[in-house]
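Since the structure comes first, as structure tokens, the remarks are kept for the end.
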Amino acid sequence: MDYRESKDKKIKQSKKNKSRSSDKDSLRGIIKIGLQVLFLILLIVIAIGIIYFYQTFGKELLRIQATARQTVIASTPGSFKETETSLVYDSEGALISALRAEKDVYYIKYEDIPGQAINAMLVSEDRKFLEHEGVDYLANIRALMALIKNKGKITQGASTITQQLARNVFLTHEVTYERKTKEIFLAIEIEKKYSKFDILEYYFNNIYFANGYYGIQAASYEYFGKSISGISLSQLVFLCAIPNNPNLYNPITNLDKTIGRRDRILEQMLFDGMIKQQEYNKAIAEKITISRGELDKKNYVETYVYHSAIKELMKNQGFEFRNTFSNDEDKSSYQEAYDDLYYGIQEDLFHRGYRIYTSIDMDKQRLLQETVNEHLGVNTEVNDEGIYKFQGASVCIDNDNGRVVAIVGGREQEVVGYTLNRAYQSFRQPGSAIKPLIVYTPSFERGYTQETIVVDEKIEDGPSNASNNYSGEMTLQRAIEVSKNTIAWKLFEELTPEVGLSYLLSMNFNKIHANDYFPAASLGGFTVGVSPLEMASAYSTLGNSGLYRDPTCIVKITDAQGNEIIGDGVQTKRIYKEKAAITMTNSLIGVMDKGTAKKLSLENTVSAGKTGTSNDKKDGWFVGYTPYYTTSVWVGYDI
896 MDYRESKDKK
906 IKQSKKNKSR
916 SSDKDSLRGI
926 IKIGLQVLFL
936 ILLIVIAIGI
946 IYFYQTFGKE
956 LLRIQATARQ
966 TVIASTPGSF
976 KETETSLVYD
986 SEGALISALR
996 AEKDVYYIKY
1006 EDIPGQAINA
1016 MLVSEDRKFL
1026 EHEGVDYLAN
1036 IRALMALIKN
1046 KGKITQGAST
1056 ITQQLARNVF
1066 LTHEVTYERK
1076 TKEIFLAIEI
1086 EKKYSKFDIL
1096 EYYFNNIYFA
1106 NGYYGIQAAS
1116 YEYFGKSISG
1126 ISLSQLVFLC
1136 AIPNNPNLYN
1146 PITNLDKTIG
1156 RRDRILEQML
1166 FDGMIKQQEY
1176 NKAIAEKITI
1186 SRGELDKKNY
1196 VETYVYHSAI
1206 KELMKNQGFE
1216 FRNTFSNDED
1226 KSSYQEAYDD
1236 LYYGIQEDLF
1246 HRGYRIYTSI
1256 DMDKQRLLQE
1266 TVNEHLGVNT
1276 EVNDEGIYKF
1286 QGASVCIDND
1296 NGRVVAIVGG
1306 REQEVVGYTL
1316 NRAYQSFRQP
1326 GSAIKPLIVY
1336 TPSFERGYTQ
1346 ETIVVDEKIE
1356 DGPSNASNNY
1366 SGEMTLQRAI
1376 EVSKNTIAWK
1386 LFEELTPEVG
1396 LSYLLSMNFN
1406 KIHANDYFPA
1416 ASLGGFTVGV
1426 SPLEMASAYS
1436 TLGNSGLYRD
1446 PTCIVKITDA
1456 QGNEIIGDGV
1466 QTKRIYKEKA
1476 AITMTNSLIG
1486 VMDKGTAKKL
1496 SLENTVSAGK
1506 TGTSNDKKDG
1516 WFVGYTPYYT
1526 TSVWVGYDI
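As structure tokens, this is what we get:
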């Protein structure tokens, strides 16, 4: 190759290299422009996002922040001692109950709070209390991640001691993100205005220790009968175990769980060097005994009113009540959510200053209580706790509106401790009293009439009649009047248990079990049972031509300033066809006139009703109604 050829080749190669370099430069330029465009688009998206967020949430967040700031600025040390008394009124507007937490009586200064109580709370509730400024952001991020992981279900708390204080003093237990936001802003403002020592003092005097007791001094007196300064380390940490979940760690109902949490806190205190091994050994071995003598005892009206008020407030917050579940996990998850909100609102009743207006008629209440006392007074045998063994419960409902006017949860007697209200808290076998609800009225809906001929005969592997005899052919009306078990059994099998029990589920019966879907349910053979309240409401539905009203005694609830929270409104739901319900009522009038309840009929008004007795006469029932009232009665033994 000569010089000229070599030069031409080099020139060509140089041109190729320049071309490649130019191509690379061009590509770099395109990429650079592309990145600039993408960056610009990203900035635009971020700007739009910020504008959208501000328009959608920003103004609201700023409003919440401003409100929180003003709330805390307006607060004084006295704000953490005040409490609003919730008041309950009867149907005539007369005061029948006041529910308050007397914080002033038990208020203690920071220097009087035992150091180990502070250590126990810090180690169990807020380990970074002395470091953060009201909010533990890492804890909130962890809670958010858990929220995403569990598909929106709140499984992990993130409230600092300051947030808990803010919630207890300035907020309700409403389960919303807005309330959580308010709580965070309030906590930040509280930390700006008050010292850590002030906050701990306010916290120990305002935190809830279950059963209506606010503040550690009140809890000490009510659970142990002495001041906080006079109890042991074990008792002290035991008290500090309660506020984390006052329902779960309630010393009266879940003593073992409270002790279990006490043990875990003691173990952590030992690990952190807050207590010595010898102190730990002594505290962990100490037996905890609750002094129940001073615990406030509520009567049957009060316990039911508070229960009804809590449920109405839960409903007002959007809680959906259920009585059917897909599996045990679903049921457990529901119960956990129910308990959290129920007991959170129960706390609020003690210091939010609600005005609760009820349908309770105190004249009827006294009459019903006196009747139960008188007729069960023939048996004065008591159990180990001094409670009458032979018991009863009764509920009276106004048929005009479906509201409870009187409720008796047991025999009246002077006892200490808490009151079991059997009228809504106890569930027993209803016997034949269940037949009109799940057998006869559904059968009337499906073509049966009072004159339909049925055959009373022995059924292989089936029930026997109360008199142990069989009458052959008879009208369905007569079978109802004399409560033939064989007829109810056959009709229920024809309906199927799924259909029959669906009526109870529609009326919010809460203890229908998977094992109840058998023919025995037609005779009142249930796994758990029914309550007098449920039975009164269901029979009132028959008297109301098949329209159901959820039983309650709440007419209206306002806040302390008179602002209405729960309005006066009764919702109805069709359960039975009108014609079938009226036919059932006519049949039950026959039961009162010439059937099993003949001796219970009233002289001055038409009345309908049904008796019921469980196996071996362990439970006795009567549920009856007039055009005006429905009353259910249960008698039997708690055990």
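Quick note: to get our numbering, add 895 to the position in the sequence shown (first position is 1). For glycine and all other residues, C-beta sits at the position ideal for the given N, C-alpha and C. Given the structure is predicted, the values throughout are model-derived calculations rather than measurements.
Below 8 Å on the Cβ atoms is my guess for residue i versus residue j; work out the distance and round it to an integer in Å.
{"i": "LEU1236", "j": "PHE1216", "result": "LEU1236 to PHE1216, Cβ: 11 Å. No contact."}
{"i": "GLN1260", "j": "VAL1196", "result": "6 Å"}
{"i": "PHE1322", "j": "GLY1464", "result": "The Cβ separation is near 29 Å, so there is no contact."}
{"i": "THR1057", "j": "ALA1082", "result": "4 Å"}
{"i": "PHE1339", "j": "ALA1503", "result": "Contact doesn't hold; Cβ gap of about 14 Å is too wide."}
{"i": "ILE1185", "j": "TYR1118", "result": "5 Å"}
{"i": "ILE1251", "j": "TYR984", "result": "7 Å"}
{"i": "TYR1319", "j": "HIS1202", "result": "7 Å"}
{"i": "SER986", "j": "ASP1223", "result": "Rounded, the Cβ-Cβ distance is 42 Å, inconsistent with contact."}
{"i": "THR1478", "j": "VAL1377", "result": "Not a contact, Cβ separation roughly 18 Å."}
{"i": "ASN1077", "j": "ALA963", "result": "Reading off the sequence shown, one finds Lys at residue 1077, where the question assumed Asn. Confirmed, about 6 Å."}
Beta-carbon within less than 7 Å of residue i's beta-carbon, same chain only, minus the 5 sequence neighbours each way: which residues are those?
{"i": "ASN1194", "result": "THR1314"}
{"i": "LEU1017", "result": "PHE1024"}
{"i": "PRO1138", "result": "ILE1102, TYR1103, PHE1104"}
{"i": "PHE1220", "result": "LYS1226, TYR1229"}
{"i": "ASP1533", "result": "GLN1286"}
{"i": "TYR898", "result": "Legend: pLDDT at TYR898 = 49, less than 50; position of this residue unreliable, no value from coordinates given."}
{"i": "PHE975", "result": "VAL1064, TYR1097, ASN1100, ASN1101"}
{"i": "TYR1144", "result": "ALA1136, ILE1137, LYS1152, THR1153, ARG1156"}
Spatial neighbours of residue i within its chain, please: C-beta separation below 6 Å, excluding the five flanking residues on both sides.
{"i": "GLU1096", "result": "TYR1005"}
{"i": "ASN1380", "result": "PRO1358, ASN1360, LEU1418"}
{"i": "TYR1434", "result": "VAL1518, TYR1520, THR1525"}
{"i": "ILE1329", "result": "GLY1419"}
{"i": "ILE1292", "result": "VAL1299, ALA1431, SER1435, THR1525"}
{"i": "ILE1370", "result": "The sequence given here has Thr at residue 1370, not Ile. Cβ neighbours of THR1370 beyond the five flanking positions: GLU1346."}
{"i": "VAL1528", "result": "SER1289, PHE1517"}
{"i": "PRO1427", "result": "ALA1288, VAL1290, ALA1318, SER1527, TRP1529"}
{"i": "ASP1514", "result": "ARG1323, GLN1324, GLY1531"}
{"i": "GLU1242", "result": "TYR1103"}
{"i": "ASP1401", "result": "According to the sequence as given, residue 1401 is Ser; it is not Asp. Answer for SER1401: ILE1470, listed in chain order."}
{"i": "ARG995", "result": "THR978, THR980"}
Are the Cβ atoms of residue i and residue j separated by less than 8 Å?
{"i": "GLU1459", "j": "LYS1472", "result": "no"}
{"i": "GLY1326", "j": "ARG1317", "result": "no"}
{"i": "ILE1375", "j": "VAL1486", "result": "yes"}
{"i": "ILE1085", "j": "ALA1113", "result": "no"}
{"i": "SER1054", "j": "CYS1135", "result": "no"}
{"i": "ILE1170", "j": "PHE1133", "result": "no"}
{"i": "GLN1011", "j": "LEU1131", "result": "yes"}
{"i": "ILE1240", "j": "LEU1208", "result": "yes"}
{"i": "MET1164", "j": "ASN1014", "result": "yes"}
With 16 other CB atoms within 10 Å as the buried threshold, where does residue i fall?
{"i": "ARG1156", "result": "buried"}
{"i": "ALA1409", "result": "exposed"}
{"i": "HIS1246", "result": "buried"}
{"i": "PHE1092", "result": "exposed"}
{"i": "ALA1180", "result": "exposed"}
{"i": "PHE934", "result": "exposed"}
{"i": "GLU1028", "result": "exposed"}
{"i": "LEU990", "result": "exposed"}
{"i": "ALA1178", "result": "buried"}
{"i": "GLU1352", "result": "exposed"}
{"i": "ASP1031", "result": "buried"}
{"i": "LEU1161", "result": "buried"}
{"i": "ILE1205", "result": "buried"}
{"i": "GLN1059", "result": "buried"}
{"i": "PHE1421", "result": "buried"}
{"i": "HIS1068", "result": "buried"}
Short of 8 Å in beta carbon distance, which residues of its chain neighbour residue i, apart from the five on each side in sequence? Order them along the chain.
{"i": "PHE1404", "result": "ASN1218, VAL1425, GLU1429, ALA1433"}
{"i": "PHE1387", "result": "ILE1333, VAL1334, GLY1395, PRO1414, ALA1416, SER1417"}
{"i": "TYR1523", "result": "ASP1293, ASN1294, ASP1295, THR1500"}
{"i": "GLU1231", "result": "none"}
Please go through the segment 1332-1412 and give each complete alpha helix (DSSP H) segment of 4 or more residues, from N-terminal end onward.
1336-1340, 1371-1376, 1380-1390, 1392-1401
At what residue ranges does the segment 1074-1118 contain a whole run of the alpha helix (DSSP H), taking only runs of 4 or more?
1091-1101
3-residue-minimum beta strand (DSSP E) runs that sit fully inside the segment 1466-1512, ordered along the chain:
Listed in chain order, the complete beta strand (DSSP E) runs (minimum 3 residues) inside the segment 1466-1512 are 1467-1469, 1503-1508.
Length-filtered (3 minimum) beta strand (DSSP E) runs lying within the segment 1239-1263:
1250-1253
Along the chain, which unbroken stretches of the alpha helix (DSSP H) at least 4 residues long are found entirely within the segment 1140-1183?
1150-1166, 1172-1180
With a floor of 3 residues, list each beta strand (DSSP E) that falls wholly inside the segment 981-1005, ordered by position along the chain.
Correct list: 981-984, 990-994.
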